[in-house]
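Contents: one structure, followed by commentary.
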Amino acid sequence: MAKRIRIEPSKCIGCKTCELACSFKHQGMFAPSLTRIYNEVFLEEASFITVTCQQCDDPWCARACPSGAIVKHPDTGVVEVIEEKCVGCRTCVSACPFGMIKYVEYKQKADKCNLCGTDYPECVAFCPTGCLTFEEEDAPLRNKILNYVNAVKEGQVGV
Amino acid sequence: MLNGWIGNVLRINLTKMTYAFEPLNYEWAKLYLGGRGLASKYFYEEVDPKVDPFSQDNKLILSPGPLTGTYGAANGRYMMITKSPLTGTIASSNSGGYFPAELKYAGIDLMIIEGKAPHPVYITIYNNQVAIKDASKIWGKNSDEVEDYIHSVFHRDAKVASIGKAGEKQVLFAAIMNDKHRAAGRSGVGAVMGSKNLKAIAVRGTLGVKVADRLKFREAATDAFRAIKESPVTNAGLPAYGTAVLVNVINKNGLLPTRNFQDDVFEDAEKISGETLAKTLLVRNKACMSCMIGCARVTKLVDPRYKAQTGEGPEYETIFALGSDCGVSDLNAITKANYLCNEYGMDPISAGATVACAMEMYEKGIIPQSDIGMPLKFGDADALVKMIELIGKREGFGDKLALGSYRLAESYSHPEFSMTVKKQEFPAYDGRVAQGMALEYATSNRGACHVRGYMISPEIMGVPEKLDPHSTENKAFWTKAFQDVTAVVDSVGMCLFTTFAININHITNLFTSATGLDYSVDDMMKAGERIYNLERLFNLKAGIDPSQDTLPKRLLEEPVKQGPAQGMVAKLSILLPEYYKERGWGSDGIPTQEKLKELNIA
């Protein structure tokens, strides 16, 4: 199984450090407007949701790209923009149903999460609460299943 | 080329309804860092210290620091600088949330607001596009409503700072709220904003903050981050219980002010503790921009007396002011009163402490019931909630309470019942018990305050080392050091709470790698001292003479009645001369020419 950024929303405190770490590493400055991972804060609901590219198996962005600039690596499964080939046409931006690829004006290229290439993902390294992890197994999913299982188990008591 | 700072000052003149960008004065930035320091320098140069705080000649400066908008150590703060209508001193009030960083992302280091708008307005900023707009639709609304309105008419992702009714009506301790529930709470900065007919400031920024040396900055940030994650205060106590973790700690040490400082041990502390809060009202904890602590409390209040509501708070200071200081042990009522303070936009410390002062004067028969319109006894939770509401609206007796406890007590010819320094109410630690804190209260540049030199940290919590709270020994040295380092923290744009875990070395490393200035730790401490002295100079010129570096009679003469510190008073007559000497000031408390020259002020 390939490693992915796993997200456990219940652990998020809405500090946006992931956005800062991402933009600092990849854009050279602290600029949430240029991040590849998004931490949204819903003040009223006390809800903090983080999303990023999930490196689709059959990526819409890659399919749509007319210049073959987006490739999915066979080993890691990472979907990456080859900047030399990107012509900045923004077709991928329209194609991605999740909004996880964007056009970045200063470099006139498409830009998306590549799990930091050969480095450990910077957002995960700086996440202060363990909301973000970089793992082969989807631990947050496993925890949800266990919660469900435990609820069923509780219901079985005394039967 | 210097980084960290963007290099822009946005100046808005509300009288003329005009705005202009001007280059940041980097010479001043090098001396005064940013945030509280740099804004104070601009304020000192541009505003007559004798100005009436509500006149259009008073200014309001919003100032993030060079680190605001970066990461590493909760670098998401800004300062509001103005002349305080409550104290008459220079006021700097701090807040976090997301608004301060957004100012930087819009390319703004300082925003100077001058004049007075002819009618209620709000300001919108989208990078370098600035507009001053009619606020008649949101005048009278609270911060939640204002923010929702601005999101709908301006930009969904705009960050908003605004005043509520209390600011509009110039309650002398009105706050400026941002991101709905964060507050630049103290010293009445919201009242100044209200006096300028300015309801809100909305900002959306899509630019970025650059640092001079990326590798070094990342290293410095990693060091700070690790230290914060390793400290039991910043990694366990504050995230789990928020600042309210202190209720039991401070009560056990016998300095939780109770019933307007008549007592120092609150018999019902457990009922209003952070632990109880976590078990009952807490929904989850929440952080400001770039913060790994997450001390904010998101709470849900379900009580048949009130409408069901989610909000933020109460913090420790609030629990003291609306709780023990008023003798109230009803955590739901305290939380409701806290929500009301947020909605009206006012400082819960001064609000609660003023009610506490009124309660004592009512019980002593100084304030007749006919003036208040109802009984106002210690411990009466419903009366507390009612009073907070009346203050926010400035209705009935609330109109008198809205002037703070000093003016209230003075109007009944008993100023000694006001627990204030320079007319600002004490926060939640009795200075009779922690002698360093007493000194900090007496000498703080914005009146009684805990976040100008938090001596509780060494005296009670043992950070960075344990001092005996009851002793006066070395307290002048420590208080000065804490005041100076706090001035640095407030100026670079960091949160003070990180300093439970990190020290001036971390801060210096972050600052130098961000800005590119080759400053030593001594240079940074010198800057802190410079800032402190500049504020002092402003206050002296404003007519706040050193005779006001004092404490209420109760703290100086009435011994603590119970607890581990029973019998103690604040030994200010020992502490103050030592402090003046430590500061290199004359024995009259006035900075000497040599000192000012040494600090490059004169």
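Line by line, the protein sequences give chains R and C. Using this note's numbering, the letters of the first sequence correspond one by one to residues 67 to 225. Using this note's numbering, the letters of the second sequence correspond one by one to residues 491 to 1092. For glycine and all other residues, C-beta sits at the position ideal for the given N, C-alpha and C. None of these values were measured; they are calculated from a predicted model.
Legend entry - Neighbourhood of residue 749(C) by C-beta distance below 6 angstroms, restricted to the same chain and skipping five residues each side: Start at 1 with the first residue of the second sequence, and residue 749(C) comes out as number 259. Here the set comprises 817 and 868.
Inset, instruction - Would you list, in chain order, the members of the region 86 to 118 of chain R that have their beta-carbon closer than 8 angstroms to a beta-carbon of chain D? - result: Absent from the structure: chain D. Protein chains present are R and C.
Inset, instruction - With a threshold of 16 other CB atoms inside 10 Å of the CB of residue 208(R), please say whether the residue is buried or exposed. - result: Indexing the first sequence from 1 puts residue 208(R) at position 142. It counts as exposed.
Legend entry - Chain-ordered neighbours of residue 697(C) on chain R, where CB pairs are closer than 8 angstroms: For the purposes of this step, residue 697(C) is taken as residue 207 along the second sequence, with counting starting at 1. Residues of chain R passing the Cβ test: 97 and 99.
Legend entry - Residue range of the unbroken alpha helix (DSSP H) whose run includes residue 875(C): The residue you call residue 875(C) lines up with position 385 of the second sequence. Residue 875(C) -> alpha helix (DSSP H) spans 871 to 883.
Legend entry - Alpha-carbon spacing of residue 95(R) relative to residue 937(C), whole angstroms: Residue mapping note: residue 95(R) aligns to position 29 of the first sequence, counting from 1. Residue mapping note: residue 937(C) aligns to position 447 of the second sequence, counting from 1. In a straight line, the C-alpha of residue 95(R) is about 39 angstroms away from that of residue 937(C).
Legend entry - Between the CA atoms of residue 670(C) and residue 878(C) - distance to the nearest angstrom: Residue numbering aside, residue 878(C) sits at position 388 when the second sequence is read from its first letter. Residue numbering aside, residue 670(C) sits at position 180 when the second sequence is read from its first letter. One C-alpha to the other measures close to 19 angstroms.
Legend entry - Buried or exposed (CB count within 10 angstroms, at least 16 for buried), residue 660(C): As a working note, residue 660(C) is residue 170 in the second sequence. The residue is buried, with at least 16 neighbouring Cβ atoms inside 10 Å.
Legend entry - Distance between residue 683(C) and residue 674(C) (C-alpha atoms, nearest Å): Counting from 1 along the second sequence, the entry for residue 674(C) is found at position 184. Counting from 1 along the second sequence, the entry for residue 683(C) is found at position 193. Between residue 674(C) and residue 683(C), the C-alpha separation is close to 12 angstroms.
Inset, instruction - Tell me whether the beta-carbon of residue 1145(C) lies closer than 8 angstroms to the beta-carbon of residue 679(C). - result: Nothing about residue 1145(C) can be reported from this structure: the residues present for chain C run from 491 to 1092 only.
Inset, instruction - Check whether the region 717 to 733 of chain C touches the region 640 to 660 of chain C, taking contact to mean three or more Cβ pairs, one atom from each stretch, closer than 8 angstroms. - result: no
Legend entry - Residues sharing a beta bridge with residue 1029(C), DSSP: Counting from one through the second sequence, the residue named residue 1029(C) turns up at place 539. According to DSSP, which records beta bridges pairwise, residue 1029(C) is partnered with nothing at all.
Legend entry - For residue 936(C), the first and last residue of its enclosing alpha helix (DSSP H): Position 446 of the second sequence, counted from the first residue, corresponds to residue 936(C). Segment: none, residue 936(C) is in no alpha helix (DSSP H) and carries neither H nor E.
Legend entry - Test: residue 669(C) CB closer than 8 angstroms to a CB of chain R: Here residue 669(C) corresponds to residue number 179 of the second sequence, with the count starting at 1. By this cut-off, residue 669(C) is an interface position.
Legend entry - Opening and closing residue of the beta strand (DSSP E) in which residue 776(C) lies: Along the second sequence, one-based indexing puts residue 776(C) at 286. Run containing residue 776(C): 772 to 776, per the beta strand (DSSP E) assignment.
Legend entry - For residue 890(C) and residue 524(C), the rounded distance between their alpha carbons: Within the second sequence, the letter at position 34 stands for residue 524(C). Within the second sequence, the letter at position 400 stands for residue 890(C). Those two C-alpha atoms are separated by around 37 angstroms.
Legend entry - Inside the region 603 to 667 of chain C only - alpha helix (DSSP H) runs reaching at least 4 residues: 633 to 643 and 655 to 658
Legend entry - Pick from 508(C), 556(C) and 538(C) that is closest to residue 514(C), judged by C-alpha positions: Start at 1 with the first residue of the second sequence, and residue 514(C) comes out as number 24. Among 508(C), 556(C) and 538(C), the Cα nearest to that of residue 514(C) is on 556(C).
Inset, instruction - Starting from residue 80(R), find everything on chain C with Cβ-Cβ shorter than 7 angstroms and list it in chain order. - result: The residue you call residue 80(R) lines up with position 14 of the first sequence. Result: 776 and 777.
Legend entry - residue 518(C) - DSSP class collapsed to helix/strand/coil: Position 28 of the second sequence, counted from the start, is the residue given in the question as residue 518(C). Here residue 518(C) sits in helix by DSSP.
Inset, instruction - Can you grab the Cα-Cα spacing for the pair residue 949(C) / residue 909(C), in whole Å? - result: Within the second sequence, the letter at position 459 stands for residue 949(C). Within the second sequence, the letter at position 419 stands for residue 909(C). Taking the straight line joining both Cα atoms gives about 21 angstroms.
Legend entry - Within the region 541 to 569 of chain C, ranges of the beta strand (DSSP E) (whole runs, at least 3 residues): 550 to 554
Inset, instruction - Give, in chain order, every residue of the region 182 to 206 of chain R whose Cβ lies closer than 8 angstroms to some Cβ of chain C. - result: 192, 194 and 195
Legend entry - Cβ of residue 142(R) within 8 angstroms of any chain C Cβ: Within the first sequence, numbered from 1, the residue matching residue 142(R) stands at position 76. No, because no Cβ of chain C sits closer than 8 angstroms to the Cβ of residue 142(R).
Legend entry - N-terminal and C-terminal residue of the beta strand (DSSP E) that residue 177(R) is part of: Residue 177(R) sits at position 111 when you count from the first residue of the first sequence. First-last of the beta strand (DSSP E) with residue 177(R): 175 to 178.
Legend entry - Close-in-space but distant-in-sequence residues of the same chain around residue 1043(C) (CB under 7 angstroms, 5 per side omitted): Here the question's residue 1043(C) lines up with position 553 in the second sequence. So the list reads 906, once near-sequence residues are dropped.
Inset, instruction - Report the partner residues of residue 699(C) according to the DSSP bridge assignment. - result: One-based indexing of the second sequence puts residue 699(C) at position 209. BP columns for residue 699(C) point to 96(R).
Inset, instruction - Name, going along the chain, the residues of the region 156 to 177 of chain R whose beta-carbon falls closer than 8 angstroms to a beta-carbon of chain C. - result: none
Legend entry - residue 561(C) at chain R interface by Cβ criterion, 8 angstroms: The residue labelled residue 561(C) in the question sits at position 71 within the second sequence. So yes, residue 561(C) belongs to the interface.
Inset, instruction - Measure the CB-CB distance between residue 758(C) and residue 747(C) and report whether it falls below 8 angstroms. - result: As a position in the second sequence, residue 758(C) is number 268, starting the count at 1. As a position in the second sequence, residue 747(C) is number 257, starting the count at 1. Cβ distance not < 8 angstroms, so residue 758(C) and residue 747(C) don't count as in contact.
Legend entry - Closest residue to residue 792(C) among 785(C), 812(C), 815(C) and 825(C) (Cα-Cα distance): The residue you call residue 792(C) lines up with position 302 of the second sequence. Nearest C-alpha to residue 792(C): 825(C).
Legend entry - Per DSSP, cross-strand counterpart(s) of residue 802(C): Along the second sequence, read from residue 1 onward, the residue named residue 802(C) stands at position 312. Partner(s): 788(C).
Legend entry - Interface partners of residue 704(C) on chain R, CB under 8 angstroms: In the second sequence, residue 704(C) corresponds to position 214, counting from 1. Result: 90 and 94.
Inset, instruction - Would you mind sorting residue 97(R) into buried or exposed? The rule is 16 or more other CB atoms within 10 Å of its CB. - result: Your numbering for residue 97(R) matches position 31 in the first sequence. The residue is buried, with at least 16 neighbouring Cβ atoms inside 10 Å.
Inset, instruction - Quickly, what does DSSP pair residue 513(C) with across the bridge? List them, please. - result: In the second sequence, the residue the question calls residue 513(C) occupies position 23. 498(C).
Legend entry - residue 704(C): first and last residue of the uninterrupted alpha helix (DSSP H) it sits in: Translated into the one-based positions of the second sequence, residue 704(C) becomes position 214. Looking at the DSSP string, the run of the alpha helix (DSSP H) that includes residue 704(C) is 704 to 720.
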